[in-house]
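All remarks here apply to the structure that follows.
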Amino acid sequence: MKKLVIVESPTKAKTISDILKKENAEVIASMGHIRDIPENGVNVDMETFKPKYAISADKKEIVRKMKKELGESDELYLATDEDREGESISWHLKEVLKPSMPVRRMVFHEITPSAIKRAFANTRDIDMNMVSAQESRRVLDRLVGYEISPLLWKTVGDRHLSAGRVQSPALKLIVDREYSRMSFVTSFYNAIKALFETSSGDKIESKLVSVNGRKIVSGKDDFDPDTGKVVNENLVLLDEKKAQRFEEEIRSAGWTVSKVSKREAKTQPPFPFITSTLQQEANSKLHFSSSKTMLVSQHLYEKGFITYMRTDSPSLSEDGENAIRDAVSRKLSSDRLSEAPRKFKSKDENAQNAHEAIRPAIIDGTIKEAQELSLTGDEAKLYGLIYRRSLASQMKDNLREITSLRIASDENCADAFEFAASGYIVVQEGFREIYGSSDEKEEAKRLPDVKEGDALDLAELTSQNMQTQPPRRWSEAALIKEMERLGIGRPSTYATTISSIVSKRYAERQDGVLVPTFTGFVIIKFLSNHLSKFLDYDFTSKMEESLDEIENQKVNEFEYLRDFYLGDGGLKDSLAFVVDDRRAEQRLHLPGVSDKYAIYVGKYGPYVSYSEKSYSIPSNVFPYMMSDERIRKIIDEKENSSRSAAYESVSVDKATGKDIFFNENGKYGPYFFIAGENRSVRLPKGCRKDEFTADEIAKLFAIPFEIGKDENDNPLTMNSGRFGYYVSCNRKNASVKDVHKALSLTADEALQLINKTKQ
């Protein structure tokens, strides 16, 4: 009997085909989803809340080929991915192909011979609860996107804008963080550090932590970010003057160890990777974007090197657990293993714990290293990260002995000062041997062996000026972690959500962080003013929980979608109360920009309105850069640019590389000017523009410039003043009557003029 196996991709098809070559199986790829909800409208029946599907134009030929293969087969095996999306693809294939023969659903975590053969022999039916959960998400996304987005088009005038069920709350996180940075008030304080010495000459680094029993201000948590003031009046703020006074006292004081405390710190290894933690670590350690991580991991999975990469379960199968522990024993030693196998369960009660964590696939009974698999480049890097994390998960805890010291001033000191020092020794390296904070073995910061009452000498004392920093922008890793904490989206959607925000230019990647654009700001302003419910993190999280419960049959799909759209306070009601005030919605009020300048975001991008004129904001300028000074510069550049457009370019400024133009009808006579600069030079009296070469015109803007040096190495400089051009050297000046001579004067000629003046 001939068997037809359908998977999503050609790579996956080739790998599985090689495994099933003895099973009389033809393996072909559907190239992902074969049908979708058309994009020419909502395309959702508002009575049944069922979507209307159509075969995608680029999949019609693929469908034709699959039907042909199906006609020559006796059984159909649907071997799409094991998640909701994969289940949905299988259902769509069955609906479109309408097979008359038995249909079997193959499910597996990894594409290895043993896993594929086991799945081939143990098939099941399509899980319609998973299909319903996926379809509900699609309908919800379509309702939110296609009902709210047109309001954004109408407000801003740009039909490319969109709102999204997960995208918009994620964008709000990015924009809110930027507002926090822009309104942040920097605070200044001093920190005093001391280096003490024991009687045996050992050094102890410490920091002043209290004076007269009151804690010293030590960081941004001690300040209000909006006012810059200390939040607790009991804290002591060290300004420069107070720090200097304290330093004088500290230098003359005697010192003893007032307290010694020791404790053991135990750190357990991290869980094996799930989708979100893989994206976070790959971003932090490999500098991969979330979308790149998913692309590379997809390749590794389809080639049979790792388990399925879209999972929210950190659990390991018994086979996976045993293979990982065996790999630790082979690579290091069995004494590095935890006493008993570690078991992992998701903290998320809706996680699909039937799935498995992301780990290396078991090949020929073992887990192999990247070089054994001949992996290179990004695939080797990501596989190595997964390999090390997997092995670490079954290793011993990291144990440290932490020592804390308090060092106090003697009774003769006017103020009671207390310094703190801490250090540690590694008792057991444990999992950090293979998976440290920087994937390197840690070095202990050991303190000398001292006891309470020991006298210490002050060896060094320093005071450092400090200032608080605004909250960091979101890196992709940090944003994914925050989205996960708040319950915004699901691991499988994080990468596409961030990619969508960046591709639509609501935010840009800069130096590893996400910086929101003017468009991102105006979208969040509009949604906050009119549809804030759909930005609310709790509302979004509960929406995700409800969608998970549809799969678990705790919530009815139709009832949930109907209430979401038609219920009291639902989407339809919310849309009815949106006020149409386009001009007001387009305006942004940014910290640091006065009301005399109005910033708007319109169809053609952001612009400044001032004195009844509009000035477009350059594409490389972001909201955080805006200030009155910056706006004034933009206006001046635009004015000069528009002014220069009507004039002839006659030269190029050597300092800036900008064009120099000539205006024959200036208010005070003809003049040269530089585009985008507040710099101009009048045409010398009695001269014509065409008398000057391009080089001479450029030199007019370079004045004062150095011609050369005299015999004592003093500079010879060409200048211009009230009475014309002159050369100067060592406080001596000599007039140059002719402008052309002034611009071509040599060092020897300049010296002759200076020497004549001396006579």
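Note that the sequence shown covers residues 718 to 1476 in my numbering.
Glycine residues also receive a C-beta, built at the ideal position from the N, C-alpha and C atoms.
Problem set entry | Inter-stretch contact (C-beta, 8 Å, three-pair minimum) for the segment 1268-1286 and the segment 757-768 | When Cβ pairs closer than 8 Å are counted between the two stretches, the segment 1268-1286 is seen to touch the segment 757-768, the count reaching three or more.
Exercise. Do V1013 and V1167 have their CB atoms nearer than 8 Å?
Worked result: Mapped onto the sequence shown, residue 1013 falls at position 296. Mapped onto the sequence shown, residue 1167 falls at position 450. The beta carbons of V1013 and V1167 sit no closer together than 8 Å.
Problem set entry | Nearest-angstrom Cα separation, counted from K937 out to S904 | Numbered from 1 along the sequence shown, position 187 holds the residue referred to as residue 904. Numbered from 1 along the sequence shown, position 220 holds the residue referred to as residue 937. S904 and K937 have their C-alpha atoms roughly 8 Å apart.
Problem set entry | Distance, R1349 Cα to Y1324 Cα | Counting from one through the sequence shown, the residue named residue 1324 turns up at place 607. Counting from one through the sequence shown, the residue named residue 1349 turns up at place 632. About 13 Å.
For this session: Reducing DSSP to helix, strand and coil, say where S1326 ends up.
Result: Against the sequence shown, residue 1326 aligns to sequence position 609. S1326: strand per DSSP, three-state reduction.
For this session: Spell out whether any CB of chain B is found under 8 Å from the CB atom of D1114.
Result: Looking at the structure shown, chain B is missing, and only one protein chain is on hand.
For this session: Return the CA-CA distance between P986 and G1284, expressed in angstroms with no decimal places.
Result: If you number the sequence shown from 1, residue 986 lands on position 269. If you number the sequence shown from 1, residue 1284 lands on position 567. Approximately 47 Å, taken between the alpha carbons.
Exercise. How should H712 be labelled, buried or exposed, when 16 other C-beta atoms within 10 angstroms of its C-beta is the threshold for buried?
Worked result: This structure leaves residue 712 out entirely; the chain is present only between 718 and 1476.
For this session: To the nearest angstrom, report how far apart F1378 and G1322 are at their CA atoms.
Result: The sequence position of residue 1378 within the sequence shown is 661, counting from 1. The sequence position of residue 1322 within the sequence shown is 605, counting from 1. Near 29 Å, if we compare the C-alpha coordinates of G1322 and F1378.
Problem set entry | As assigned by DSSP and simplified to three states, the class of Y906 | Stepping through the sequence shown from its first residue, residue 906 is reached at position 189. Y906: strand per DSSP, three-state reduction.
Exercise. What's the gap between the Cα of F988 and the Cα of F1061?
Worked result: Numbered from 1 along the sequence shown, position 271 holds the residue referred to as residue 988. Numbered from 1 along the sequence shown, position 344 holds the residue referred to as residue 1061. Near 7 Å, if we compare the C-alpha coordinates of F1061 and F988.
Exercise. Between the C-alpha atoms of E1157 and M1011, what's the straight-line distance to the nearest angstrom?
Worked result: Here residue 1157 refers to the residue found at position 440 of the sequence shown. Here residue 1011 refers to the residue found at position 294 of the sequence shown. Caution is warranted here: a pLDDT of 47 is assigned to E1157, below 50, making its placement in the model unreliable, and the coordinate value is therefore given only provisionally. Their backbone Cα atoms lie some 26 Å apart in a straight line.
Exercise. Leaving out five residues before and five after D800 in sequence, what residues of the same chain have Cβ atoms less than 7 Å from its Cβ?
Worked result: For the purposes of this step, residue 800 is taken as residue 83 along the sequence shown, with counting starting at 1. So the qualifying residues of the chain are R1027 and S1209.
Exercise. Per the contact definition of three or more C-beta pairs closer than 8 Å, is the segment 1039-1048 in contact with the segment 1097-1111?
Worked result: They touch, by the three-pair rule.
For this session: Indicate whether I828 and L1231 have their beta-carbon atoms separated by less than 8 Å.
Result: Along the sequence shown, one-based indexing puts residue 828 at 111. Along the sequence shown, one-based indexing puts residue 1231 at 514. I828 is not a Cβ neighbour of L1231, given a cutoff of 8 Å.
Exercise. Under the three-state reduction of DSSP, which class applies to G1438: helix, strand or coil?
Worked result: The sequence position of residue 1438 within the sequence shown is 721, counting from 1. Three-state result, G1438: strand.
Problem set entry | Top-ranked residue by Cα proximity to R855, from S1245, D1455, V761 and G1170 | On the sequence shown, residue 855 is found 138 positions in, with the first residue counted as 1. Looking at the Cα atoms, V761 is the closest of the given residues.
Problem set entry | Span separating the alpha-carbon of T1474 from that of Y1442 | Along the sequence shown, read from residue 1 onward, the residue named residue 1474 stands at position 757. Along the sequence shown, read from residue 1 onward, the residue named residue 1442 stands at position 725. In a straight line, the C-alpha of T1474 is about 15 Å away from that of Y1442.
For this session: Given a cut-off of 8 Å, decide if K932 and V953 are closer than it, judged by their beta-carbon atoms.
Result: Locating residue 953 in the sequence shown gives position 236, counting from the first residue. Locating residue 932 in the sequence shown gives position 215, counting from the first residue. Yes, these two residues count as a Cβ contact at 8 Å.
For this session: Quick one: residues in its chain with C-beta nearer than 8 Å to the C-beta of I1119, no 5 flanking neighbours on either side, listed in chain order?
Result: In the sequence shown, the residue the question calls residue 1119 occupies position 402. The beta carbon of I1119 is closer than 8 Å to those of K979, R980, E981, A982, S1139, G1140 and Y1141 in its chain, skipping five residues each way along the sequence.
Problem set entry | N902 classed as buried or exposed, judged by whether at least 16 other C-beta atoms fall within 10 angstroms | Working through the sequence shown from its first residue, we reach residue 902 at position 185. What sits at residue 902 in the sequence shown is Val, not Asn. Burial call: exposed.
Exercise. So what does DSSP say about S1249, is it helix, strand or coil?
Worked result: Counting from 1 along the sequence shown, the entry for residue 1249 is found at position 532. The DSSP-derived three-state label of S1249 is helix.
Problem set entry | Same chain only: Cβ atoms within 6 Å of K1371, ignoring 5 sequence neighbours per side | Locating residue 1371 in the sequence shown gives position 654, where the first residue counts as 1. Exclusion of the five residues before and after K1371 leaves A1415 as the residues of its chain whose Cβ lies within less than 6 Å of its Cβ.
Problem set entry | Neighbourhood of E1038 by C-beta, 6 Å cutoff - its chain only, sequence neighbours within 5 removed | Stepping through the sequence shown from its first residue, residue 1038 is reached at position 321. Only P1058 meet the Cβ criterion.
Problem set entry | C-alpha gap between K966 and K958, whole angstroms | The sequence position of residue 966 within the sequence shown is 249, counting from 1. The sequence position of residue 958 within the sequence shown is 241, counting from 1. Checking the displayed sequence, the identity of residue 966 turns out to be Glu instead of Lys. Between E966 and K958, the alpha-carbon positions lie close to 13 Å from each other.
Exercise. Taking Cβ positions, are D1114 and I1079 nearer each other than 8 Å?
Worked result: As a position in the sequence shown, residue 1114 is number 397, starting the count at 1. As a position in the sequence shown, residue 1079 is number 362, starting the count at 1. I1079 sits away from D1114, with the two beta carbons spaced by 8 Å or more.
Problem set entry | Distance between Q851 and N1070 (C-alpha atoms, nearest Å) | Taking the first residue of the sequence shown as 1, we reach residue 1070 at position 353. Taking the first residue of the sequence shown as 1, we reach residue 851 at position 134. Low local confidence applies: a pLDDT of 46 at N1070 is under 50, so the model's placement there is unreliable, with the coordinate-based value given in what follows. In a straight line, the C-alpha of N1070 is about 18 Å away from that of Q851.
Exercise. Taking just the CA atoms, how far does D943 sit from V1239?
Worked result: Start at 1 with the first residue of the sequence shown, and residue 1239 comes out as number 522. Start at 1 with the first residue of the sequence shown, and residue 943 comes out as number 226. Computed Cα separation, rounded: 23 Å.
Exercise. Buried or exposed: where does R835 fall if 16 or more other Cβ atoms within 10 Å of its Cβ makes it buried?
Worked result: Within the sequence shown, numbered from 1, the residue matching residue 835 stands at position 118. By the neighbour-count definition (other C-beta atoms within 10 Å, threshold 16), R835 is an exposed residue.
Exercise. Should D1095 and S1063 be called a contact, given that it needs their Cβ atoms to be closer than 8 Å?
Worked result: Sequence index remark: in the sequence shown, residue 1095 carries index 378 (1-based). Sequence index remark: in the sequence shown, residue 1063 carries index 346 (1-based). At a Cβ-Cβ threshold of 8 Å, D1095 and S1063 do not count as neighbours.
Exercise. If you draw a straight line from the C-alpha of L1244 to the C-alpha of Q1270, how long is it?
Worked result: For the purposes of this step, residue 1244 is taken as residue 527 along the sequence shown, with counting starting at 1. For the purposes of this step, residue 1270 is taken as residue 553 along the sequence shown, with counting starting at 1. Our two residues, L1244 and Q1270, have alpha carbons roughly 32 Å apart in a direct line.
For this session: With V928 as the anchor, note down where its beta strand (DSSP E) starts and where it stops.
Result: The residue labelled residue 928 in the question sits at position 211 within the sequence shown. Counting along the chain, V928 sits inside the beta strand (DSSP E) bounded by residues K920 to V928.
Exercise. Going by alpha carbons, who is nearest to P1233 out of R841, V722, Y896 and P816?
Worked result: As a first step, residue 1233 is located in the sequence shown; it is residue number 516 there, counting from the start. Minimum Cα distance to P1233 is reached at Y896.
Exercise. Apart from the five residues on each side of it in sequence, which residues of its chain come closer than 8 Å, Cβ to Cβ, to N741?
Worked result: By 1-based counting over the sequence shown, the position of residue 741 is 24. Scanning its chain for C-beta atoms nearer than 8 Å, with the 5 sequence neighbours on each side dropped, one finds around N741 the residues M718, K719 and K720, in chain order.
Exercise. Do you know how far the Cα of F1339 is from the Cα of F1092?
Worked result: For the purposes of this step, residue 1092 is taken as residue 375 along the sequence shown, with counting starting at 1. For the purposes of this step, residue 1339 is taken as residue 622 along the sequence shown, with counting starting at 1. Note that residue 1092 is Leu in the sequence shown, not Phe. Approximately 41 Å between the Cα atoms of the pair.
For this session: Could you pull the start and end residues of the beta strand (DSSP E) that P1233 belongs to?
Result: Here residue 1233 is taken as the residue at index 516 of the sequence shown, counted from 1. In the DSSP assignment, P1233 falls within the unbroken beta strand (DSSP E) covering V1230 to P1233.
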